[in-house]
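In this note's numbering, the protein residues as written are 333 to 673. Ideal Cβ positions, reconstructed from N, Cα and C, are used throughout, including at glycine. Every value quoted in this text rests on a predicted model; they were computed, and no experiment measured them.
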Amino acid sequence: MSTDDFSDAMIVVGAGLSGGSCALTILESGKRVILVEKEKKLGGNSVRASSGINASETHHQKQQNIPDTNALFQHDTAYSMYKDINAKATPLVKTLVNNSADGVAWLEKHNLSLPVLSQCGGHSAARTHRPTSGAAGGYITLGLLRHVRKYEKTGQCKVIKQAKMTKLLRDMTNKVVGIEYENLKSGQKESVRAQGVVIATGGFCYNMAMLEQYSPHNSKLSTTNGPWANGEGMLLAREVGAKLVDMECVQVHPTGFVDPKEPDAREKILAAECLRAAGALLINERGYRFVNELGHRDDVTAAEKGQKGKVRLVLNPVAVAEVEPHVKMYTNFFKVLKKYN
């Protein structure tokens, strides 16, 4: 593929929420983009994150009379990080929180409405925003990517799918200006060059070797990551001098459904946090609750590890009504949730 006419573009590798947001931001600034994705479909792991996006001091909260502040959101985040009620928010946390309402506003400017609020684990207020249709990840990620693809028609954007990045290319000054990739349809090596490269290739939690290296205590656990989450972007960045940080910070989600047809499969179906936010209970094999379902995720997972036998997720009719689109998805599509009368 010739990309001579795109030498002034930016290359964005990875078409999940991070890559899609980045690509759209660049495009809306008037610049051009080459969006490169390893899979046949765009979206990555982001489409699996269904509970919503966290934000404080949003117009939805104000309209629904939900008392929340940036200071409270910062406090909750710092507390979950350090397990110290007096912990102070880091500069990065402050940036995240103080821009969170603008993030929701930016999404809604692109016709992605997020009016449904829930109070998920570790939060002191209902600040997790999702659409009325249910799963937020696919709604947000694919919605933004539809806007990105509109720029293909005007010649401002190129999307290359089934392209597995194998090398970062540098110019004479050592600046990264392109990528080499394997065309997964033809098996051939190809390359593209432009003004620079944004790596938005996601995490590595499907890669057991990397888990054993960076987070060995989690390496034998199941994962809700797809088989594409192998950390190649991180490793290739390291090859050209990037420093990898916080690689040991792997979070374990407390709830994933076990498919009865494949109980031993390593990949599990994410049981969204909003189910517990709606009132779902975690019940052990003796029929008892054993944890605050809305505690910090590491506390909930630690409590689960202390149980013998199976742990079940139970929703009463009130909880079902609050997350009905999710319940229908798990019941009818994934077939991992059953109704009992």
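By the 10 Å Cβ neighbour count, where 16 or more other Cβ atoms means buried, how is residue i classified, buried or exposed?
| i | result |
| --- | --- |
| Q406 | buried |
| M504 | exposed |
| G519 | exposed |
| G466 | buried |
| I417 | exposed |
| R621 | exposed |
| G346 | buried |
| T577 | Here residue 577 is Val; the residue named in the question, Thr, does not match the sequence. The residue in question, V577, is exposed, as its Cβ has fewer than 16 Cβ neighbours within 10 Å. |
| Q393 | buried |
| Y662 | buried |
| L424 | exposed |
On the premise that residue j lies in contact with residue i, defined as a C-beta separation below 8 Å, what is that separation, rounded to the nearest angstrom?
| i | j | result |
| --- | --- | --- |
| I385 | I472 | 7 Å |
| A561 | C537 | 6 Å |
| S353 | L476 | 6 Å |
| V448 | R459 | Actually they are not in contact, since the Cβ atoms of V448 and R459 sit about 12 Å apart, beyond 8 Å. |
| V659 | L613 | Going by Cβ atoms, the distance from V659 to L613 rounds to 15 Å, so no, they are not a contact pair. |
Where does residue i fall in DSSP's three states?
| i | result |
| --- | --- |
| N515 | strand |
| M333 | Residue confidence for M333 is low, a pLDDT of 40 falling below 50, so the modelled location carries little weight and cannot support an answer. |
| T587 | coil |
| K441 | helix |
| K642 | coil |
| T555 | strand |
| K660 | helix |
| S378 | helix |
| T464 | coil |
| G348 | coil |
| E654 | helix |
| E360 | helix |
Identify every run of the alpha helix (DSSP H) within the stretch 389 to 432, keeping only runs that are complete inside it and at least 4 residues long; order them along the chain.
Runs found: 391 to 395, 402 to 414, 423 to 430.
Between the stretch 368 to 382 and the stretch 515 to 535, can you find at least three pairs of beta-carbon atoms closer than 8 Å?
Verdict: yes, contact present.
Hey, which unbroken runs of the beta strand (DSSP E) at 3 residues or more fall wholly within the stretch 480 to 504?
Complete beta strand (DSSP E) runs here, min 3: 489 to 492, 495 to 502.
Inter-stretch contact (C-beta, 8 Å, three-pair minimum) for the stretch 343 to 353 and the stretch 517 to 533:
A contact between stretches requires three or more CB pairs, one per stretch, nearer than 8 Å, and the stretch 343 to 353 meets this requirement with the stretch 517 to 533.
Is the stretch 476 to 492 touching the stretch 629 to 641, taking contact as three or more C-beta pairs under 8 Å?
Not touching, per the Cβ criterion.
For the stretch 560 to 605, which segments carrying the beta strand (DSSP E) assignment without a break, of at least 3 residues, lie completely within its bounds, in sequence order?
Segments of the beta strand (DSSP E) lying fully in the stretch 560 to 605: there are none.
Runs of beta strand (DSSP E) lying entirely within the stretch 605 to 633, each at least 3 residues, in chain order:
Complete beta strand (DSSP E) runs here, min 3: 613 to 615.
Touch check for the stretch 539 to 558 and the stretch 522 to 530: three-plus C-beta pairs under 8 Å?
Of all C-beta pairs linking the stretch 539 to 558 to the stretch 522 to 530, fewer than three are shorter than 8 Å, placing the two stretches out of contact.
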